[in-house]
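Accompanying notes for the structure given below.
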Amino acid sequence: MTHRSQVIVMTAKHPETSIPSTQLYDRDFYLWLQETAQLLRNGEFDRLDIENLVEEIESMGRSDKHAIESNLEVVLMHLLKYKYQPERRSNSWRFTLLEHRNRLFKAFRGSPSLRGYYNQAFTESYQQARRLAAAETGLVIATFPIDSPFTPEQTLDEDYLPE
245 MTHRSQVIVM TAKHPETSIP STQLYDRDFY LWLQETAQLL RNGEFDRLDI ENLVEEIESM
305 GRSDKHAIES NLEVVLMHLL KYKYQPERRS NSWRFTLLEH RNRLFKAFRG SPSLRGYYNQ
365 AFTESYQQAR RLAAAETGLV IATFPIDSPF TPEQTLDEDY LPE
């Protein structure tokens, strides 16, 4: 059945363009999305471009994980700067902490299972944050401890600031 579905997908053409669905993906992504959504709504599963649909769904998951890592690195970097450059503390740093913590909370609200990924990514993200903090502050990387001085919970706590 899978092989047969793939053959049908290869020959299914978009009604407005007469372009096979697999080619439509490369030529007009937005139109491909619209067509795919309509085929799903209509239950026309045998006409779906399965290969590209699976790729897009997997890509969405990777994007969510990347956003967790990116926001976590920003929060950790600013916590390090806040702790190790107290004379340079600013409202801008506090705003950045609040903004990126908020982005993490929104991601967890929309996809609670990402909190598990947050915990998995914490150590690696901290190492990247150390490198970023050293580059931005001009301090040697050894200024920042190898192990995070902040717990995952403190990192998310909007009221936590290292003093």
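Start counting at 1 in the sequence shown, then tack on 244, and there's your number in the working numbering.
Ideal placement from N, C-alpha and C gives every residue a C-beta, glycine not left out.
All of these numbers come straight from a predicted model, not from anything done at the bench.
Contacting residues, own chain, Cβ-Cβ under 6 Å from S392 (five flanking each side not counted): Residue 392 sits at position 148 when you count from the first residue of the sequence shown. Excluding residues within five positions, the ones whose Cβ falls inside 6 Å are Y370.
Apply the 10 Å Cβ neighbour rule to N350 and answer buried if 16 or more other Cβ atoms are within range, or exposed otherwise. Here residue 350 refers to the residue found at position 106 of the sequence shown. It should be noted that the sequence gives Lys, not Asn, for residue 350. Under this definition K350 is an exposed residue.
Neighbour flag for S369 against chain D, beta carbons, 7 Å: The chain labelled as chain D is not found in the depicted structure, where only one protein chain is given.
Applying the 10 Å Cβ sphere with the 16-neighbour rule, what's the burial state of N335? Along the sequence shown, read from residue 1 onward, the residue named residue 335 stands at position 91. It counts as exposed.
Give the list of continuous alpha helix (DSSP H) stretches no shorter than 4 residues that lie fully inside the region 270-345. If we require 4 residues or more, the alpha helix (DSSP H) runs fully inside the region 270-345 come out as 273-286 and 294-328.
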